[in-house]
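Residue numbers (the working numbering): 1 to 200.
C-beta: ideal position from N, C-alpha, C; glycine also.
None of these values were measured; they are calculated from a predicted model.
What follows is a short report on a single structure.
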């Protein structure tokens, strides 16, 4: 069975990767939002739910079965080992879910997987190419403050410091999209779209 090219799209908070993925969707490309899907799976995948309860205890879920995100974050944020164990539970379920999703879209020449954390194409993943979205830090901070006014600049900078650096992200890129509000964005996306449609 022919499988479509799998294109990863990633970028730091405020870079605009969700906007880029919305354009790919508008061009008719299926987009798998890995971070959103992981959140969905923590509440709807019975195997994953059972594993998380075994790892963190019943408090990981509210009495009505919702994932207790804030409580879980408070447990794992200061405990890298526990965070690693949680990720080891979530990632295989997301990988299996992604594989199933790709199988449902084999009639497309390529599909896009959007995620905040990504490795180089082929590095323990099924990606063929990785697109990194970049924007200047001040602009990223301004965007986040606009959409999330209760976050302070210090909080946003703290999140950025915990993410991969722009330099490290650029190192895993096959392509870089510049989203700095001076470089035209649409022609960059359309050029990639034409390339991916033809099989890279």
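Listed in chain order, the alpha helix (DSSP H) runs fully inside the segment 31-108 are 34-44, 46-56, 69-76, 80-103, counting runs of at least 4 residues. Relative to the Cα of residue 68, the nearest Cα in the group 179, 117, 49 belongs to 49. In this structure, the alpha-carbon of residue 182 lies about 11 Å from that of residue 139. For the pair residue 133 and residue 162, the CB atoms are not nearer than the 8 Å cut-off.
Pairwise C-beta distances place the segment 100-115 in contact with the segment 2-12, as three or more of them are shorter than 8 Å. Nearest neighbour of residue 136 by Cα position, chosen from 80, 117, 160, turns out to be 160.
Sequence-distant Cβ neighbours of residue 116 in its own chain, meaning closer than 7 Å and more than five residues away, are 10, 35. The three-state secondary structure of residue 16, taken from DSSP, is coil.
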